[in-house]
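Basically UniProt numbering = 1-based index in the sequence shown + 104.
Glycine included, each C-beta is placed from N, C-alpha and C at the ideal position.
So the structure is just underneath, and the comments pick up after that.
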Amino acid sequence: PSLDEIVNLHDFEAIAKAILSPKAWAYYSSASDDEITIRENRAAYQRIWFRPRILRDVSVVDWSTTILGQRSSLPVYISATALGKLGHPDGELNLTRAAGKHGVIQMIPTLASCAFDEIVDAAVPGQVQFLQLYVNRDREITRKYVQHAEKRGVKGLFITVDAPQLGRREKDMRMKFVDESGVAKVQENQSGIRKDEGVARAISVGASKSYVTDHIECINQSFIDPSLSWKDIPWFKSITNMPIVLKGVATPEDALMAYDYGLAGIVLSNHGGRQLDTARSGIENLIEVVAALKTRGPWPNPKFEVFVDGGVRRASDVLKAIALGASAVGVGRAFMYSFCAYGQEGVEKAFEIIQDELMMNMRLLGARTIDELSPEMVDANALHSH
Ligand code: FNR
Numbered sequence: 105p106s107l108d109e110i111v112n113l114h115d116f117e118a119i120a121k122a123i124l125s126p127k128a129w130a131y132y133s134s135a136s137d138d139e140i141t142i143r144e145n146r147a148a149y150q151r152i153w154f155r156p157r158i159l160r161d162v163s164v165v166d167w168s169t170t171i172l173g174q175r176s177s178l179p180v181y182i183s184a185t186a187l188g189k190l191g192h193p194d195g196e197l198n199l200t201r202a203a204g205k206h207g208v209i210q211m212i213p214t215l216a217s218c219a220f221d222e223i224v225d226a227a228v229p230g231q232v233q234f235l236q237l238y239v240n241r242d243r244e245i246t247r248k249y250v251q252h253a254e255k256r257g258v259k260g261l262f263i264t265v266d267a268p269q270l271g272r273r274e275k276d277m278r279m280k281f282v283d284e285s286g287v288a289k290v291q292e293n294q295s296g297i298r299k300d301e302g303v304a305r306a307i308s309v310g311a312s313k314s315y316v317t318d319h320i321e322c323i324n325q326s327f328i329d330p331s332l333s334w335k336d337i338p339w340f341k342s343i344t345n346m347p348i349v350l351k352g353v354a355t356p357e358d359a360l361m362a363y364d365y366g367l368a369g370i371v372l373s374n375h376g377g378r379q380l381d382t383a384r385s386g387i388e389n390l391i392e393v394v395a396a397l398k399t400r401g402p403w404p405n406p407k408f409e410v411f412v413d414g415g416v417r418r419a420s421d422v423l424k425a426i427a428l429g430a431s432a433v434g435v436g437r438a439f440m441y442s443f444c445a446y447g448q449e450g451v452e453k454a455f456e457i458i459q460d461e462l463m464m465n466m467r468l469l470g471a472r473t474i475d476e477l478s479p480e481m482v483d484a485n486a487l488h489s490h
C-alpha cells in the first residue's frame, strides 16, 4: 500500500510482517518465553480509562515538551532498537533523518547497525540525540564510547539495566541467524571484540552453544557486563556530564535508589517484553513509582524524570502515561516497523499520525498543553486487576 493508505501505527506492523524476511521479522517482533509481558504491555493501557473535561476552549493545543531539558516537538522519543539494517538498508539513519526534520529525539543504540558517528553525522544542527549504553566488561571501551558521544554532542546517557543476560526469544531461536546485511562487522567495532571471541565468552557465561553461534545479538551481547551494580554508578557520573538515566527499572525500590544516587531519571521498561517474561508493564509500575518519588519532594520534580516505554501505539497511551506522572514515553517497534517498507518517509508519517492523534485526543480530553494533563484525567482503578 502507498503511505497515504496508512492510517495508524498498527498498519506499519502489518506491512513490516508482510515484507520482512522471516528472520528479520522474528528478530523485531519476538519477545521472551511465552510472550506474556509483550501482550500485557498493550493490554495494560486498555485497562486505563479517561475522565475528560469539557468546555475548556481547546482551539489551540500544544503537545511540545522538554525531555531532560531538551526541546522535543512530541512527548515521545525514539527508543533504542538494535539492528536497524535488518529492516531497511539505511537502518537507523531513517530514524535520524525523520527525527531531524520533525524535532523528535532519537536514542542511539549501542548495537546500532550503522556506525555511531554515521548516525551523529546524519543529524541536522541542533538535533538532539541520546545514547543507549550497554556496559562493556572492558570499562575502558565504555569510557571512551561515552566520552566520545558526549564530545559529539549527545545530550543524555541511558544505561540499559535490564539485560545482564539476553532473554530467550524463542521465535528468534528457531531461525538460524545468517548475517545477511553485514551488521556483525559494525558491531565488532562497537563492542571491541571479534565474533569468535564473543561466541566463546557467551558460552563461558552459560549460553548454549547452538544459540550463540546462530544468534547475532546474543554474540554481540556477550560483551555486556553482568557484574554491573550500583557501585558502578559513581564511576559513570565521574566520566560524563551528560544526564544519566537507568533504562529498565521496574520497582519503587530501585526508583528511589536511582534518585538517591543522584541520577537524572529512569525508564520504566521491560525492554519491550524481550527480557524477563511476566514482568509487569511500565505503565502499571508508574503509579507506585511516582507515589514513592513523591516522598522525596513535589511531583513533577525538575531534578528527576520518569519515562515509560513498552506497547505505546496510540496518542491515548502517551497521554495516559503523562497524566500519571511520566515526562514522556519511548516507542521502539512502531518506529522500526515504519521504516521497513517506506524508509525515512515512513517514520515521518508515523510522527504525523501521532500528532494527529494527539490533537484529537487532547481536545477531547480537555488538555491544551502537556502540563495540563493530570492524574484526575484518568481512571486507573482497573489497572491492577488482570
Ligand atoms: C529493543 N530494545 C532495546 N533496548 C535497549 O536498551 N538496547 C537495545 O539494543 C534494544 N534493542 C531492541 C531491539 C528490538 C528489535 C526491539 C523491539 C527492542 C528495547 C527498546 O528500547 C524499548 O524498550 C522497547 O522496544 C519498547 O517497547 P515497544 O515500543 O517495542 O513495544
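Self-check item: Exposure label - Asp460; buried when at least 16 CB within 10 Å
Solution: In the sequence shown, the residue the question calls residue 460 occupies position 356. When all chains shown are included, Asp460 counts as exposed.
Exercise. Name the two residues that bound the continuous alpha helix (DSSP H) containing Val394.
Key: As a working note, residue 394 is residue 290 in the sequence shown. Run containing Val394: 386-397, per the alpha helix (DSSP H) assignment.
Self-check item: Residue closest to Glu388, alpha-carbon to alpha-carbon, out of His252, Asp115, Tyr149, Ile328
Solution: The residue labelled residue 388 in the question sits at position 284 within the sequence shown. By alpha-carbon distance to Glu388, the top candidate from His252, Asp115, Tyr149, Ile328 is Tyr149.
Exercise. Would you check whether the ligand FNR has a heavy atom nearer than 7 Å to the C-beta of Thr264?
Key: As a first step, residue 264 is located in the sequence shown; it is residue number 160 there, counting from the start. Correct: Thr264 has its Cβ closer than 7 Å to the ligand FNR.
Practice problem: List the endpoints of the continuous alpha helix (DSSP H) containing Ile328. | Solution: On the sequence shown, residue 328 is found 224 positions in, with the first residue counted as 1. DSSP places Ile328 outside any alpha helix (DSSP H), giving it a letter other than H or E.
Exercise. Look up Met464 in the DSSP assignment and say whether it is helix, strand or coil.
Key: As a position in the sequence shown, residue 464 is number 360, starting the count at 1. Helix.
Quiz prompt | Euclidean distance between Cα positions of Trp403 and Gly429 | solution = Working through the sequence shown from its first residue, we reach residue 403 at position 299. Working through the sequence shown from its first residue, we reach residue 429 at position 325. Cα atoms of Trp403 and Gly429: separation of roughly 8 Å, rounded to the nearest angstrom.
Practice problem: Look at Val208 and Leu178 and say whether their C-beta atoms are less than 8 Å apart. | Solution: As a working mapping, residue 208 is identified with position 104 in the sequence shown. As a working mapping, residue 178 is identified with position 74 in the sequence shown. In this structure, Val208 lies near Leu178, with their beta-carbon atoms less than 8 Å apart.
Quiz item: Between which two residues does the alpha helix (DSSP H) containing Glu409 stretch?
Solution: Counted from its first residue, the sequence shown places residue 409 at position 305. That residue, Glu409, is in no alpha helix (DSSP H); its beta strand (DSSP E) goes 409-413.
Quiz item: Are three or more beta carbon pairs between the segment 451-469 and the segment 138-153 nearer than 8 Å?
Solution: No contact exists between the segment 451-469 and the segment 138-153.
Practice problem: Taking only runs that begin and end inside the segment 251-283, name each unbroken beta strand (DSSP E) of 3 or more residues, in chain order. | Solution: 261-264, all fully within the segment 251-283.
Quiz item: In chain order, what residues of the same chain have a beta carbon less than 8 Å from the beta carbon of Ile158, not counting five sequence neighbours either side?
Solution: For the purposes of this step, residue 158 is taken as residue 54 along the sequence shown, with counting starting at 1. The residues are Gly470.
Quiz item: How many Å lie between Arg243 and Trp334 at the Cα?
Solution: The sequence position of residue 243 within the sequence shown is 139, counting from 1. The sequence position of residue 334 within the sequence shown is 230, counting from 1. Rounded to the nearest angstrom, the gap between the Cα atoms of Arg243 and Trp334 is 15 Å.
Quiz item: Are there 16 or more other CB atoms within 10 angstroms of the CB of Ile123, so buried, or fewer, so exposed?
Solution: The residue you call residue 123 lines up with position 19 of the sequence shown. With fewer than 16 other Cβ atoms within 10 Å, it is exposed.
Quiz item: DSSP on Trp129, reduced to helix/strand/coil?
Solution: The residue given as residue 129 occupies position 25 in the sequence shown. Looking at Trp129 - three-state DSSP - the assignment turns out to be helix.
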